[in-house]
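Heads up: the sequence shown at position 1 corresponds to 1 in the UniProt record's numbering, and the numbers run straight through without jumps. Just so you know, even glycine gets a beta-carbon here, dropped at the ideal spot from N, CA and C. Inspection log for the structure reproduced underneath, given as structure tokens.
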Amino acid sequence: MAMQAVALLITLLLATPVVYGAQHIVGGSSGWVQSGDYSTWAAGETFTVDDTLVFNYGSSHGVDQVSQTDYTNCNAGNAIQSYQGGSTTIKLSNPGPMYFMCPTIGHCAGGMKLAVNVVAASTTPSGTTPSPPSTAPTTTPSTTVPPPPPPPAHSGAATISCSMISNLVFGFLLLLATMFAYMG
Ligand SMILES: [Cu+2]
Numbered sequence: 001m002a003m004q005a006v007a008l009l010i011t012l013l014l015a016t017p018v019v020y021g022a023q024h025i026v027g028g029s030s031g032w033v034q035s036g037d038y039s040t041w042a043a044g045e046t047f048t049v050d051d052t053l054v055f056n057y058g059s060s061h062g063v064d065q066v067s068q069t070d071y072t073n074c075n076a077g078n079a080i081q082s083y084q085g086g087s088t089t090i091k092l093s094n095p096g097p098m099y100f101m102c103p104t105i106g107h108c109a110g111g112m113k114l115a116v117n118v119v120a121a122s123t124t125p126s127g128t129t130p131s132p133p134s135t136a137p138t139t140t141p142s143t144t145v146p147p148p149p150p151p152p153a154h155s156g157a158a159t160i161s162c163s164m165i166s167n168l169v170f171g172f173l174l175l176l177a178t179m180f181a182y183m184g
């Protein structure tokens, strides 16, 4: 029973996905489209530093990273970054809000805009918890390995005790000889 529980725990630990940089496919299988509802989509996701946003879209669309004001006003005129090409991967390098919109006229106003709030990796328990178990097992064996060194010290101690014993034996023989000399 206990073994089974341990085996189950190990299986669960191994099965836990490593959360180093999750990929968020914007809009899921629908992708980055004109009819998308990206505030609802973003609300269901947790964006952590080192995660990536993947925009998949048709040729009539694009991805502009914009300021909060430009996001609100659907202004693509001051884009921080502009992307085209149908597939754009953006790494979320820093915590804080990020705003995106489609620069095609009318698309942003129609809802083709995305706001994400990127959180630091340490503040999300779901992102941090899985990693310690993977490092803990590697640290435990390394602390158990060192013990081997003792042998040389032991042989040294053996040499010392040998010479001490021979000294003791020699001293004892001397004592015996002296005693016999007195008795004789
Ligand atoms: Cu568009």
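Closer than 7 Å: is that where the CB of SER87 sits relative to any heavy atom of ligand 1? no
Please list, in chain order, all residues of the same chain as THR129 whose beta carbon is under 7 Å from its beta carbon, the five residues on each side excluded. The predicted position of THR129 is uncertain, since its pLDDT is 44 and thus under 50; no value can be drawn from it.
Counting Cβ pairs closer than 8 Å, one from the segment 101 to 116 and one from the segment 62 to 79, do we hit at least three? yes
Name the DSSP beta bridge partners of ASN117, please? PRO97
Per-residue DSSP class, three states only, for ASN75: coil
Label ASP51 either buried or exposed according to how many other C-beta atoms from any shown protein chain fall within 10 Å of its C-beta, with 16 as the threshold for buried. buried
Does the beta-carbon of ALA136 have 16 or more other beta-carbons within 10 angstroms, so that it is buried, or is it exposed? Per-residue confidence for ALA136 stands at a pLDDT of 46, beneath the threshold of 50, marking its modelled position as unreliable; the derived number appears in the next sentence. ALA136 comes out exposed.
Grouping DSSP H, G and I as helix and E and B as strand, with all else coil, what is SER87? strand
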